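Position in the sequence shown counted from 1, then plus 5, gives you the working numbering.
Cβ coordinates follow ideal geometry from the N, Cα and C atoms, glycine included.
Owing to the predicted nature of the structure, the values given are computational and were not obtained by experimental measurement.
Structure record follows, encoded as C-alpha cells.
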Amino acid sequence: MHGRATRSSHRGDQDCMNHCRVPDSLDQFTTGPNSEESIDGVTDTVAKDSSIDDIEKDITSEIADIRKPSKKTGIAAVWTDVPCLVFFRTSPPIDPVSLVQDVVRSAAKDPTKKRTRCTQRLTPSTLIGFASEEGLDKVAREVLAPHFHAELAVPKKFAIRPNIRNHNILKRDGVIKQVASIVGPGHTVDLKNYDLLILVDIMKNVCGLSVVGPEYESLKRYNLQEIFEPTSQQPQPDAQAQ
Numbered sequence: 006m007h008g009r010a011t012r013s014s015h016r017g018d019q020d021c022m023n024h025c026r027v028p029d030s031l032d033q034f035t036t037g038p039n040s041e042e043s044i045d046g047v048t049d050t051v052a053k054d055s056s057i058d059d060i061e062k063d064i065t066s067e068i069a070d071i072r073k074p075s076k077k078t079g080i081a082a083v084w085t086d087v088p089c090l091v092f093f094r095t096s097p098p099i100d101p102v103s104l105v106q107d108v109v110r111s112a113a114k115d116p117t118k119k120r121t122r123c124t125q126r127l128t129p130s131t132l133i134g135f136a137s138e139e140g141l142d143k144v145a146r147e148v149l150a151p152h153f154h155a156e157l158a159v160p161k162k163f164a165i166r167p168n169i170r171n172h173n174i175l176k177r178d179g180v181i182k183q184v185a186s187i188v189g190p191g192h193t194v195d196l197k198n199y200d201l202l203i204l205v206d207i208m209k210n211v212c213g214l215s216v217v218g219p220e221y222e223s224l225k226r227y228n229l230q231e232i233f234e235p236t237s238q239q240p241q242p243d244a245q246a247q
C-alpha cells in the first residue's frame with residue numbers, strides 16, 4: 006500500500022475525523038486555490054443579478070450544491086482501533102512526505118494561526134507493509150533505493166529513528182541494524198548532523214518507512230502542537246551553583 010500519513014490526537018479518533026475534517030484540511034495542500042467546477046453551466050459562484058431577489062439567489066445556490074458531485078480527493082481516512090492514532094491513505098500523485106512537510110512548513114511560517122485543535126503530530130510513510138523481518142526488508146529496499154542506491158549517488162550521513170507501538174515481535178535494535186544493512190556501504194551514520202533521517206513506524210502488524218531531511222528537527226519533528234504552542238524551556242541550573 007503506497008502513501009500513508011498518520012495523525013495523532015488528544016481527542017477520540019472518530020470524533021477527530023468527524024469534528025476536525027482533517028481530510029478536507031489536508032486537501033487544501035493538494036489542490037490549486039483557483040480551481041472551480043462547473044456542472045451544466047452552474048458554478049460554485051452564483052452570478053450577481055440585481056433583477057433576482059435574495060430568495061431566488063438562495064434557491065439557485067442550494068440547487069448548485071445539490072447538483073455538485075461529491076469531490077474526489079487523493080486522501081482517505083482509514084479507521085483503526087489504536088487510541089490516539091488515525092491513518093490517512095494517499096493516492097498518486099500525492100506524496101505523503103511532501104504533503105506532511107507542506108502542512109508543517111505552513112504552520113511554522115505563521116504559528117499564530119492555529120488551524121487544528123486536535124492534531125498533535127503528523128508522520129509520513131512512503132510505503133507500508135507487514136510488520137515482520139521479511140516485510141520490513143521489502144519496504145525498506147523499495148523506499149531507500151532512490152535515496153541511497155541510485156546511480157552516481159553521493160555518500161550521505163544518515164540516522165534511523167524507529168517508533169514501535171502495540172507490537173512485540175520486532176525490536177528497536179534489530180530494526181535499526183536491519184535497516185542500516187539495507188542502506189549499505191558508502192554511507193555513514195550521524196545521529197545529529199544527518200543528511201537524511203529514516204523514519205520507521207511499526208504499529209501492530211503494519212510497518213511503514215519514509216526518508217526526510219535535516220529540517221525534521223527544526224520543524225519540531227512534525228509536532229504541530231509544539232509549533233503552535235511550544236513547551237517552555239526550563240533554564241539550566243548553573244553548574245557552579247551549590
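For residue i, count the other beta carbons within 10 Å of its own beta carbon; 16 or more makes it buried, fewer makes it exposed. Which is it?
{"i": "Asn-228", "result": "buried"}
{"i": "Pro-98", "result": "exposed"}
{"i": "Ala-164", "result": "buried"}
{"i": "Pro-167", "result": "buried"}
{"i": "Lys-225", "result": "buried"}
{"i": "Leu-141", "result": "buried"}
{"i": "Val-159", "result": "exposed"}
{"i": "Ala-112", "result": "buried"}
Whole angstroms are fine: how far does the CA of residue j sit from the CA of residue i?
{"i": "Arg-146", "j": "Glu-139", "result": "11 Å"}
{"i": "Val-217", "j": "Leu-149", "result": "11 Å"}
{"i": "Leu-201", "j": "Thr-65", "result": "53 Å"}
{"i": "Glu-253", "j": "Val-180", "result": "Nothing about residue 253 can be read from this structure; the chain reaches only from 6 to 247."}
{"i": "Gly-189", "j": "Lys-118", "result": "43 Å"}
{"i": "Arg-170", "j": "Ala-81", "result": "22 Å"}
{"i": "Cys-123", "j": "Trp-84", "result": "16 Å"}
{"i": "Lys-182", "j": "Lys-114", "result": "36 Å"}
{"i": "Arg-110", "j": "His-154", "result": "28 Å"}
{"i": "Pro-116", "j": "Phe-92", "result": "24 Å"}
{"i": "Tyr-199", "j": "Asp-206", "result": "19 Å"}
{"i": "Pro-101", "j": "Pro-129", "result": "5 Å"}
{"i": "Ser-237", "j": "Val-87", "result": "30 Å"}
{"i": "Pro-235", "j": "Lys-62", "result": "46 Å"}
{"i": "Leu-90", "j": "Leu-127", "result": "10 Å"}
{"i": "Gln-106", "j": "Arg-94", "result": "16 Å"}
Give the single residue among the options whose Cα lies nearest to the Cα of residue i.
{"i": "Phe-135", "options": "His-172, Ser-103, Cys-123", "result": "His-172"}
{"i": "Gly-79", "options": "Leu-104, Thr-128, Lys-161", "result": "Leu-104"}
{"i": "Leu-132", "options": "Leu-204, Ala-185, Glu-222, Lys-182", "result": "Leu-204"}
{"i": "Asp-195", "options": "Asp-86, Phe-233, Ser-111, Lys-162", "result": "Lys-162"}
{"i": "Arg-120", "options": "Val-108, Lys-197, Pro-129", "result": "Val-108"}
{"i": "Ser-222", "options": "Lys-209, Ile-207, Lys-197, Asp-178", "result": "First, the residue type needs correcting, since residue 222 is Glu and not Ser in the sequence shown. For Glu-222, the nearest C-alpha among the options comes from Lys-197."}
{"i": "Leu-175", "options": "Pro-116, Val-87, Met-208", "result": "Met-208"}
{"i": "His-152", "options": "His-192, Asp-178, Leu-127", "result": "His-192"}
Going along the chain, which residues of its own chain have a beta-carbon closer than 7 Å to the beta-carbon of residue i, five neighbours each way excluded?
{"i": "Leu-157", "result": "none"}
{"i": "Asn-269", "result": "Absent from the structure is residue 269, since the part of the chain shown begins at 6 and ends at 247."}
{"i": "Val-184", "result": "Ala-145, Ile-165, Ile-203, Val-205"}
{"i": "Arg-177", "result": "Pro-167, Ile-169"}
Kindly list the residues whose CB is nearer than 8 Å to the CB of residue i, restricted to its own chain and excluding five residues on each side of it in sequence; keep chain order.
{"i": "Val-144", "result": "Leu-132, Ile-133, Gly-134, Cys-212, Gly-213, Leu-214"}
{"i": "Ile-187", "result": "Asp-142, Ala-145, Arg-146, Leu-149"}
Please list, in chain order, all residues of the same chain as residue i whose beta carbon is under 6 Å from its beta carbon, the five residues on each side excluded.
{"i": "Ser-96", "result": "Gly-79"}
{"i": "Phe-233", "result": "Pro-116, Lys-119"}
Going residue by residue through the region 183 to 225, where are the continuous alpha helix (DSSP H) segments of at least 4 residues, counting only ones entirely within it?
For the region 183 to 225, whole alpha helix (DSSP H) runs of length 4 or above, ordered along the chain, are 220 to 223.
Pick out the complete alpha helix (DSSP H) segments inside the region 133 to 188, 4 residues or longer, and give them in chain order.
Whole alpha helix (DSSP H) segments, 4+ residues: 138 to 153, 177 to 188.
Any alpha helix (DSSP H) of 4 or more consecutive residues that is wholly inside the region 94 to 118
At a cut-off of 4 residues, the continuous stretches assigned as alpha helix (DSSP H) that sit fully inside the region 94 to 118 are 101 to 114.
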